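The opening residue of the sequence shown carries number 297 in my numbering; numbering runs sequentially from there.
We treat Cβ as the ideally placed atom computed from N, Cα and C, and that holds for glycine.
All of these numbers come straight from a predicted model, not from anything done at the bench.
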Amino acid sequence: MSGTGMMYGGDEIGALVFDPGHHSLRVGYAQDDTPKADIPSVVGVGPADPVMNSDLETKADNNIGSTNKYYVDTTHINVARPNMEIQSYMKDGMIENWDLFEKVLDYVYAKVVQSESMYHPVLFSESAWNVRNNRERLTELMLEKYNVPAFFLVKNAVLAAFANGRATALVVDSGATHTSAVPVHEGYVLSQAVVKSPLGGDYLSLQCRHYLESQNIDLTPTYAIASKDVIKERDTARFTPKELPEKLTASWQQYMLKGLLQDFQMSAVQVLETPYDERTAAQIPAVHYEFPNGYHQDFGPERFKLAESLFDHNMLGAGQLASASVGMCDADVRLSLYGSVVVTGGNSLLPGFAERLNRDLQHRAPSNTRLKMISANGSVERRFGAWIGGSILGSIGTFQQMWISSQEYEESGKSQVERKCP
């Protein structure tokens, strides 16, 4: 039992699970099947409006000598506001802007959990390459500012493995800003063999944008359209632009355009099971897609070509990443890693992603290897893999002695996280 003698993950007190990523922060209660909220990992920062008193916080910014207002979550961020900049608090899979991150935590407790932080133990996921300074800062923040009764930090790859019923696995996680291969052995990350590349969902969005613009397809997002006419396929779009406030920032407009590109990505783009070949791709039925302005057309082989960069051997594609990671592990664990390849992350939801990874690994693995891919069929399980693993871990009885209790923190300080959270 922990220092306070509480059964943290039990029914009496709901432990909260936080899984921060570049695309969104997933948060909810341990024991639940899915997160309670999936909040974008960006914050809108705009000048405070003295007339409109919002329920969101305004705070004096010492650097500028003015007050800022912070907008958190989709319904607030997606509103066209003059001079509102979009800023991310994440960088390279780690929390970087702590002030913005605290704004999001304040929002989570006030609007999502609707309960005081002191009542809920907190389990956080972290990237396999998180640094000591960040880990200690998060521990300090949760136990001092938010006064949580207990805290724990777990590598997201370990949680994704747990979510798929594995303590040993090679976790291939393709998210917004990168794809990584992380070997997990008996619940611990083999950190010397972690391999990552900057090819993820955002890179694919950029590829889609370049392609669509090269085809002179108008990418006007929904927020800028008042009404549109029904037109024939490939006819020029006929729409009425919406009257928008002046001084919309470039960062907000880019953020909204990214949403359009992500929708196109998930609706039209697909990964071929074999390396791209136009004749093979041409035999697969085209996909019809309509843009917000009403323009619509079929997309054929090009939708496969767009995804090919994720598996490009010259750029450390997913298959290469995974086999390189296994190759850096001790010979005696390689077979068990190949026998349990867990595919997770929002970008892995691209149709054909897991099948192509399977094919690439079969070509790269030693001939005596029994390769087994574990990719949850449901999009929820794959997108929220690490969160679901945290939900499971936070609610099992044997885990209850693992928490860093507030009492232990008072006695030993933030260095506890290095000792108790591998």
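T640 sits in a strand when the DSSP states are folded into three classes.
DSSP, reduced to helix, strand and coil, places T363 within a strand of the structure shown. The C-beta distance from W548 to M386 rounds to 18 Å, too long to meet the 8 Å contact threshold. With contacts defined by Cβ atoms closer than 8 Å, V341 and Q383 form a contacting pair.
In this structure, V491 and G590 do not form a Cβ contact; the two beta carbons are roughly 44 Å apart against a cut-off of 8 Å. Burial state of G641 is buried, judged by a 10 Å Cβ sphere holding 16 or more other Cβ atoms. Of the residues assessed, L540 falls on the exposed side of the cut-off, its CB having fewer than 16 other CB atoms within 10 angstroms. Using a C-beta cut-off of 8 Å, the region 311 to 331 makes contact with the region 676 to 686, since at least three inter-stretch Cβ pairs fall below that distance.
The beta carbon of L617 sits closer than 8 Å to the beta carbons of V468, T475, S476, A477, V491, K492, S493 from its chain, once the five residues preceding and following it are set aside; these are given in chain order. Assignment of D525 by DSSP, reduced to helix, strand and coil, places it in the coil class. Shown here for T516: same chain residues with a beta carbon closer than 6 Å to its own, the five before and five after excluded, namely N589 in chain order. Bridge pairing for E422: K451 [DSSP]. Taken in chain order, the complete beta strand (DSSP E) segments of 3 residues or longer contained in the region 608 to 678 are 637 to 640. Separation of the CB atoms of L646 and A603 is rounded to 6 Å, and the pair is thereby assigned contact status at 8 Å. In this structure, the straight-line span from the alpha carbon of S687 to that of K528 is close to 48 Å.
Rounded to whole angstroms, the separation of the alpha carbons of S636 and Q658 is 13 Å. The shortest CA-to-CA distance from D328 to any of V338, A311, S320, S337 is the one to A311. Rounded to the nearest whole angstrom, the CA to CA distance from S411 to F448 is 20 Å.
Runs of the alpha helix (DSSP H) spanning 4 or more residues and lying entirely within the region 493 to 539 occur at 497 to 510, in chain order. Secondary structure note for Q410: it is in no beta strand (DSSP E), with a DSSP letter that is neither H nor E. Contact annotation, V408 with A333: C-beta distance approximately 5 Å; criterion of less than 8 Å satisfied.
Distance check between Q511 and each of V338, Q593, L419 places Q593 closest, using alpha-carbon atoms only.
The C-beta of D531 has fewer than 16 other C-beta atoms within 10 Å across all chains shown, which makes the residue exposed. By the Cβ rule, the region 622 to 636 counts as touching the region 664 to 672, because three or more pairs are nearer than 8 Å. With respect to C504, V583 sits apart: the two C-beta atoms are not nearer than 8 Å.
Beta-bridge annotation (DSSP): L312 is paired with Y325, V418. Comparing alpha carbon positions, the residue from V323, P378, V338 closest to D345 is P378. Considering only A465, A446, D628, the residue with the shortest C-alpha distance to G690 is A446. By the CB criterion at 8 Å, L544 and A376 fall inside the cutoff. I391 is not a Cβ neighbour of L455, given a cutoff of 8 Å. Under the three-state reduction of DSSP output, Q383 falls in the strand class.
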